[in-house]
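Engineer: If you read the sequence shown in the UniProt record's numbering, its first letter stands for residue 1, the second for the next number, and so on.
We put the CB at the ideal spot given by N, CA and C, even for glycine.
No experiment lies behind these values; they were computed from the predicted model shown.
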Amino acid sequence: MQDAEILAKVKKLIAEEHELRTRLGAGEVSSEDEHARIGELEAALDQCWDLLRQRRARREYGEDPDLAAPRPVDAVEEYEQ
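#1: Hey, is the region 49-56 in contact with the region 25-39, meaning 3+ C-beta pairs nearer than 8 Å?
#2: For a test of the three-state rule: what should DSSP assign to ARG71, helix, strand or coil?
#3: Exposed or buried, residue 125, counting other C-beta atoms within 10 Å across all chains shown (16 or more means buried)?
#4: Return yes when the Cβ of GLN47 is within less than 7 Å of the Cβ of VAL76, no when it is not.
#5: Nearest by alpha-carbon distance to GLU42: which of LYS12, ALA4, ASP3 and GLN2 is it?
#6: Hey, which unbroken runs of the alpha helix (DSSP H) at 4 residues or more fall wholly within the region 27-63?
#7: Do you know how far the Cα of ASP74 is from the Cα of ILE6?
#8: Going by beta carbon distance, what residues of the same chain come within less than 7 Å of GLU16, once the five residues before and after it are set aside?
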């Protein structure tokens, strides 16, 4: 996955998060459903940001950024942003 594709996915996930919060405010979704989905979105965002960092680090050190791979959620969710 190229940087532009990862960034497009980030934008899509953020847009979904905003839409979900709007729907919660309008009473269209329960807070339980909202919290569950927000957790999933945050995990996916963590993976995307980590993948971008991996790609940039590989590029910086003269390595192939295409060899970077998404890490499991439990490996990236505790990272400081």
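Structural biologist: So, to answer that:
#1: no
#2: coil
#3: No answer is possible for residue 125: the residues shown for the chain start at 1 and end at 81.
#4: yes
#5: LYS12
#6: 31-60
#7: 19 Å
#8: LEU41
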